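Enquirer:
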Amino acid sequence: APGSVEDVSVEAWRATLDANLTATFLTIRTFLPGMKQRGRGDIVTISSTAARRPHAGSPLAYAAAKAGVLLLTQDVALQAGPFGVRANCIAPETILTEDNRQRIPAETQAKLAAMHATGRLGLPDDVARAALFLADREQSGWITGAVMDIHGGAQIA
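Mapping of the sequence shown onto the numbering used here: residues 959 to 1115, in sequence order.
Shown next, in the form of structure tokens:
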């Protein structure tokens, strides 16, 4: 839940960083050597628009972890680029996953949707299509170290 620094327990902080940042780091660390050896690879990580700026509704540890994912991705792009490996990041706004459909009341969903220029919340397919684009060298071969915001215009609405 959102809260001040004083309200976040060390256990919750560590669990959130482990689930978001450390898991991403360990996955990249596992697969990157093989990609470099083959001279080719495409990494797409998932961050969040919460990583871009403080927001009262975003849990602090989550935002910090996702900011770490963003920087990790850009650093990997810089380090691995000479070996033919690209790394890019997707930063979605609120996505209407099955969990979020059940967790977020319909009235709140409508209020959140109204904050987007598109008038709707994101769907899992919106994120999947962005990931497929970034992983496709024919379409995005010269893109690396980029962060693709998937926010339905929430940042401009």
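Ideal Cβ placement from N, Cα and C applies to all residues, glycine included.
Computed from a predicted model, the values in this text were never measured in an experiment.
1. Measure the Cβ-Cβ separation of Ile-1001 and Ile-1048 and say whether it is below 8 Å.
2. Apart from the five residues just before and just after Ala-970, which ones in its own chain have a Cβ nearer than 7 Å to its Cβ?
3. If Ala-1014 sits next to Thr-1102, beta carbons under 8 Å apart, how far is it from one beta carbon to the other, in whole angstroms?
4. So, Ala-1035 versus Lys-1024, is the Cβ gap smaller than 8 Å?
5. List the DSSP bridge partners of Ala-1049.
6. Which value, in whole angstroms, describes the spacing of the CA atoms of Ile-1053 and Gln-1037?
7. Within the same chain, show all residues whose beta-carbon is closer than 6 Å to that of Thr-1076, passing over the 5 residues directly before and after it, in chain order.
8. Determine the DSSP secondary structure at Arg-1011, reduced to helix, strand or coil.
9. Please list the terminal residues of the continuous beta strand (DSSP E) segment that includes Gly-999.
10. Quickly, what does DSSP pair Val-963 with across the bridge? List them, please.
11. With H, G and I counted as helix, E and B as strand and the rest as coil, what does DSSP make of Gly-1039?
12. Secondary structure at Arg-1044, three-state DSSP: helix, strand or coil?
13. Would the beta-carbon of Gln-1113 be found less than 7 Å away from any heavy atom of the ligand ADP?
14. At the level of alpha carbons, what is the spacing between Thr-1031 and Thr-974?
15. Rounded to whole angstroms, what is the Cα-Cα separation between Arg-1078 and Ala-1072?
16. Have a look at Glu-1056, Ile-1004, Ser-1016, Ser-967 and flag the residue whose alpha-carbon is nearest the alpha-carbon of Leu-1092.
Expert: Working from what's here:
1. no
2. Ala-1019
3. Not quite, the Cβ-Cβ distance comes to about 33 Å (not below 8 Å), so this is no contact.
4. no
5. Asp-1107
6. Counting only the Cα atoms, Gln-1037 lies some 31 Å from Ile-1053.
7. Gly-1110, Gly-1111
8. DSSP places Arg-1011 in the coil class of the three-state scheme, outside both helix and strand.
9. Gly-999 -> beta strand (DSSP E) spans 999–1004.
10. According to DSSP, which records beta bridges pairwise, Val-963 is partnered with nothing at all.
11. helix
12. strand
13. For the ligand ADP, the structure offers nothing, since it holds no ligand at all.
14. 18 Å
15. 7 Å
16. Ile-1004
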